[in-house]
Amino acid sequence: MPSDEKPTLRWGIVATGLISSWFVADLIIDREDAQANHIIQAIGSSSLEKGKAFVAKHLPNVSPAPTVYGSYDEIYTDPNVDAVYIGTPHAFHKKNCLDAISHGKSILCEKTFTLNAVEAKEVFEAAKAKGVFVMEAMWTRFFPLVKTIQKLVHEDNAIGHVLRVICDFAMDQHLDSKGQESRLKNLSLGASSLLDIGIYSLTWGIIGLEQPLGDTLKEAQEKPRMLATSTLSEGVDVATSMILHYSDGRQAIATSHSGVGVRTPSNFCRIEGSEGSIVVDGGAASVPNSFVLQKRGIEDQKFEFKRPGKGLYWEADAVALDIAAGRKENGTMPWAETIRVMELLDETRRQGGVVFPQDPQ
Ligand SMILES: NC(=O)c1ccc[n+]([C@@H]2O[C@H](COP(=O)([O-])OP(=O)(O)OC[C@H]3O[C@@H](n4cnc5c(N)ncnc54)[C@H](OP(=O)(O)O)[C@@H]3O)[C@@H](O)[C@H]2O)c1
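For the sequence shown, this note's numbering begins at 328 and goes up steadily by one.
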């Protein structure tokens, strides 16, 4: 598609932390498969100096240079910003979203979308009332690799009846050396291995076991029964194990660990069916690179995918296409799905004893 036929989206970036740096770096990659033109219009930070340093480090050659603001509010009121990308810790997502919605801005908000399902519902109600687009940035669901697995498993029955999924996301987050300023250590910032990385293991359970939602919005999927346990350190779950149990017997085991010395091997996920399996490989459950289809009596087949940068542009393209088409939510990550995932996370935390100060009493 010639670039002038693609929609153009002007982004305002809220916060200048790690994930915002990945997001902007991905958006400026020149890609053959790009579905939209992305312009980084403005950066909003808690301080002007931080914002300027972010641009100097991550966007040094972008012309025209983004406008830098020493507040988030100026992003929301900038008439040249079409959509806001929220890269603050989970605990601020609700407020950031509500502020952006009140100014009529479209939103792509990092995962986890909020701290709990009650907060997520509040944001979507406000978005509905104002008529603005909102999507949770569950970027992995937008990878061509994931769409390919979903087609093989759920449309082509490539592994027969899908029976179970096992997925792990463990990485040493060096929690001992972190203080209360860290979003990984401070409960009021949403510290939790479950919300930080366990959400990806849970997502692979959903990808492997459930029919994809597709581009046509459907009713929310079945909410599987959840059995969960967590290991806490100063109230923060450093390790969580979940079992998702569906009414027809399908099961997933989804685990996360942020403790000393742990690291998931590259083959982080296995999807098993009555006639074969799919083993997914990558640096972590958030960034799959390849998978192997194993079917009895047939030679193993490896599927590899190009992924320049990190791969956050696929979700950004989806946002641009939705907004250009006048949609308020996305078919791959609709509001009902974000709420369902938040409810599964809430139930996991309830069983594991993980409580945020902001949770409803
Ligand atoms: N998709 C992914 O793979 C991925 C990866 C990492 C993180 N995330 C998600 O992205 C969000 C941010 O994570 P991150 O790793 O980028 O965090 P981070 O590096 O700590 O950055 C968070 C940014 O939020 C702003 N902020 C505002 N109030 C803050 C406070 N009280 N404490 C700390 N930061 C505050 C700061 O930016 P300013 O000072 O500029 O305002 C800070 O730089 C989380 O929800 C996380 O789950 C997603």
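In this text, a Cβ means the ideal position worked out from N, Cα and C, and glycines have one as well. This one's a predicted model, so the numbers in the text were calculated from it and none came from an experiment.
A distance criterion of 7 Å places the beta-carbon of residue 400 beyond contact range of ligand 1, judged by its closest non-hydrogen atom. For residue 399, there is no enclosing alpha helix (DSSP H), as DSSP gives it neither H nor E. In the DSSP annotation of this structure, the continuous segment of the alpha helix (DSSP H) that includes residue 452 starts and ends at 444 to 457. With respect to the C-alpha of residue 472, the residue from 606, 624 and 650 having the closest C-alpha is 606. Secondary structure note for residue 590: it is in no alpha helix (DSSP H), with a DSSP letter that is neither H nor E. Note on geometry: alpha-carbon atoms of residue 509 and residue 341 lie some 18 Å from one another.
According to the DSSP assignment, residue 462 belongs to no alpha helix (DSSP H) but to the beta strand (DSSP E) extending over 461 to 464. Remark: the shortest separation between the CB of residue 346 and any heavy atom of ligand 1 falls under 7 Å. In the DSSP assignment, residue 569 is bridged to 555 and 581. Collapsing the DSSP output to three states places residue 360 in coil. Annotation: residue 610 to residue 637 spans about 11 Å, alpha carbon to alpha carbon. Classified as exposed, residue 628 has fewer than 16 neighbouring CB atoms from the shown chains inside 10 Å of its CB. Per DSSP, residue 617 lies in no alpha helix (DSSP H); the unbroken beta strand (DSSP E) holding it starts and ends at 615 to 622. In this structure, residue 460 lies away from residue 666, with their beta-carbon atoms at least 8 Å apart. Here residue 366 carries a strand assignment [DSSP, helix/strand/coil].
Relative to ligand 1, the beta carbon of residue 377 is positioned inside 7 Å of a heavy atom. A heavy atom of ligand 1 is found nearer than 7 Å to the CB of residue 523. Between the stretch 391 to 404 and the stretch 367 to 374, the count of Cβ pairs shorter than 8 Å is three or higher; the stretches touch.
Inclusion of residue 530 and residue 462 in the CB contact set at 8 Å is not warranted, their separation being larger than that value.
Taking residue 403 as reference, the option from 416, 390, 426 and 382 with the minimal CA-CA separation is 426. Residue side-chain check: residue 417 places its Cβ nearer than 7 Å to a non-hydrogen atom of ligand 1.
In this structure, the alpha-carbon of residue 376 lies about 11 Å from that of residue 343.
Per the C-alpha coordinates, the member of 445, 451 and 349 positioned closest to residue 657 is 451.
Residue 645 holds the alpha-carbon nearest to the alpha-carbon of residue 354 among 659, 645 and 677. Apart from sequence neighbours up to five positions away, the residues of its chain that approach residue 430 with a beta-carbon distance below 8 Å are 403 and 404, ordered along the chain. By the C-beta criterion, the stretch 378 to 388 is judged not to be in contact with the stretch 410 to 429, since fewer than 3 inter-stretch pairs fall below 8 Å. Comparing C-alpha distances from residue 480 to each of 557, 449 and 538 shows the shortest one belongs to 538. Counting only the Cα atoms, residue 391 lies some 15 Å from residue 364. Counting the other Cβ atoms within 10 Å of the Cβ of residue 597 gives 16 or more, which makes it buried.
The DSSP-derived three-state label of residue 681 is coil. With fewer than 16 neighbouring CB atoms inside 10 Å of its own CB, residue 332 falls in the exposed class.
In terms of side-chain proximity, the C-beta atom of residue 464 is found nearer than 7 Å to a non-hydrogen atom of ligand 1. Straight-line measurement puts the Cα of residue 448 at about 30 Å from the Cα of residue 366.
Excluding the 5 residues flanking it on each side, residue 615 has same chain C-beta neighbours closer than 6 Å at 472, 607 and 609, in chain order. Non-local beta-carbon contacts of residue 352 in its own chain, meaning distances under 7 Å to residues more than five positions away in sequence, involve 385 and 636 in chain order. Positions of the beta strand (DSSP E) runs, each at least 3 residues long and wholly inside the stretch 634 to 661, cannot be given because no such run exists.
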